[in-house]
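J.: Have a look at the structure that comes next, please.
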Amino acid sequence: MQSACKRLRRVHFGHRAIIVFSLLSSFTVQAVAEDKFEVRDLGTLSGYTSQASSLNERGQAAGFSNVADQNQHATLYEGGKVIDLGTLPGGLNAAADGINDRGQVIGWSAVGGNEQAIINEHAFLYEHGEMIDLGTLPNGHTSIANGINDRGQVVGWALNALTDTRAVLFEKGKVIELGTLPGGYFSAAYAINDRGQVVGWSTSATSGNDHAFIYDHGEMHDLGTLPGGNSSDAFGLNNRGQVVGQSLVANGYEHAFLYDHGEMIDLGTLPGGNLSMAFGINDRGQIVGQSTDASGNFRAFLYEHGKMIDLGMLPGGNTSTATSINERGEIGGYSGTPFTPWHAAIWTRK
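Numbering-wise, the sequence shown is residues 82 to 431 according to our numbering.
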């Protein structure tokens with residue numbers, strides 16, 4: 082993750098009025114993974130593309146969808162409907178990246194001006210029908226919210242006055258910088274659990290590359306890399322402190338990892354694949370993400386009991402990604418379709 086573009090990426094990966102659209106395709110299902118799972122298309126707003134980035138225990142999913150003018154709006158999927166959360170005032174684009182069990186939604190929104198300039202995006206919290214601007218670091222121009230816990234604490238990253246990306250905590254109206262690993266210049270936070278532990282990545286002085294970190298009790302700890310690799314990123318954790326993400330390995334590809342009790346474990350790939358990433362983990366230790374298959378396409382996976390399971394995709398699609406999993410084992414993400422790049426989707430065990 083050396084380029085500015087990759088460093089500022091959102092792992093995925095308003096208007097006050099809420100517009101509700103029926104999900105015309107909400108009952109489209111396909112049996113996958115040896116008839117153990119089915120996938121449901123959550124549909125879109127008035128555009129062609131949508132994504133589910135986070136799923137809570139109530140089955141609500143947060144994400145985004147294109148609208149008729151091909152801009153994108155933050156969305157909430159619940160009760161068979163797509164709810165348009167809109168954008169912050171003056172913005173044309175927004176996306177929701179997280180949701181907690183209280184139904185609070187977080188993400189980012191453009192705030193006006195040049196929509197292609199990343200300095201025009203601010204983190205938001207959506208609750209009680211209102212999208213609230215969470216602000217930026219002093220003299221900074223942009224912020225992104227990536228994760229929220231059930232206490233309402235929000236984490237992400239923001240640009241400081243020097244335009245360096247820094248991991249931040251949004252809490253009680255303040256944007257609090259979490260710093261970097263020793264000697265590092267850049268960092269970003271992606272998830273926070275109910276114990277207040279935060280994970281993400283930071284550059285380090287020892288290698289100059291990104292390393293996954295866990296931030297706990299005011300200290301940022303380097304989680305290292307898988308054997309042979311020189312960079313890593315942490316994207317998710319559970320309330321037991323187990324961390325998931327990706328790390329380079331000796332062959333130069335990225336592999337999904339689980340970090341548990343001081344050890345980083347390589348989760349491998351789907352059969353024939355060479356690259357994988359883990360994005361979410363629940364308190365039962367079930368892990369979800371994406372892996373290439375033998376044909377080189379990305380496929381959503383569930384990792385449990387030492388096995389990586391291909392979750393399949395929507396009918397006619399050739400790619401899929403799983404972004405989150407709740408304690409009921411419901412899995413959120415997105416899948417390709419025959420006519421669009423991808424639609425938001427939920428996988429459930431049959």
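Glycine included, each C-beta is placed from N, C-alpha and C at the ideal position.
Since this is a predicted model, take the numbers as computed values, not measurements.
1. Going by DSSP in three states, Asn227 sits in which element: helix, strand or coil?
2. With distance defined between alpha-carbon atoms, name the residue in Phe360, Thr168 and Lys253 nearest to Ala272.
3. Apart from the five residues just before and just after Leu304, which ones in its own chain have a Cβ nearer than 7 Å to its Cβ?
4. So, helix, strand or coil for Asn201, using DSSP?
5. Using alpha carbons as the reference points, say which of Met301, Gly393, Lys255 and Gly264 lies closest to Val280.
6. Straight-line CA distance for Thr421 to Tyr129?
7. Taking DSSP as the reference, what is the three-state secondary structure of Gly397?
8. For Gly413, name the three-state secondary structure that DSSP assigns.
9. Within the continuous beta strand (DSSP E) that includes Gln132, where are the two ends?
10. Which residues in the same chain have their Cβ closer than 6 Å to the Cβ of Ile261, if we skip the five residues on either side of it in sequence?
11. Quick check: the stretch 227–241 against the stretch 176–191, are at least 3 beta-carbon pairs closer than 8 Å?
12. Assuming Gln327 is part of the beta strand (DSSP E), what are its boundary residues?
13. Do you know how far the Cα of Ser401 is from the Cα of Arg430?
14. Go through its chain and collect everything with a Cβ distance to Ile412's Cβ below 6 Å, but skip five positions before and after it.
15. Please check the pair Arg409 and Asp391, which I expect to be a contact at CB under 8 Å, by giving their CB distance rounded to whole angstroms.
T.: Reading from the atomic positions:
1. Correct three-state label for Asn227: strand.
2. Out of Phe360, Thr168 and Lys253, Phe360 has the C-alpha closest to the C-alpha of Ala272.
3. Hits under 7 Å: His292, Ala293, Phe294, Ile295, Ser313, Ala315, Val324, Tyr340 and Met345.
4. In the structure shown, Asn201 sits in a helix (DSSP, three-state: H, G or I).
5. Closest by C-alpha distance to Val280, out of Met301, Gly393, Lys255 and Gly264, is Met301.
6. Answer to the nearest angstrom: the Cα atoms are 6 Å apart.
7. Here Gly397 sits in coil by DSSP.
8. Here Gly413 sits in strand by DSSP.
9. Gln132 -> beta strand (DSSP E) spans Ser131 to Leu136.
10. Reading off the sequence, residue 261 comes out as Thr, not Ile. Within the same chain, Thr261 has close Cβ partners Ser268 and Ser283.
11. Judged by Cβ distances under 8 Å, the stretch 176–191 makes contact with the stretch 227–241, as three or more pairs qualify.
12. Taken as a continuous stretch (DSSP letters only), the beta strand (DSSP E) holding Gln327 covers Val324 to Leu329.
13. Roughly 17 Å between the two C-alpha positions.
14. Once the five neighbours on either side are set aside, the close Cβ partners of Ile412 are Val369, Ala403, Ile406 and Trp428.
15. The Cβ separation is near 21 Å, so there is no contact.
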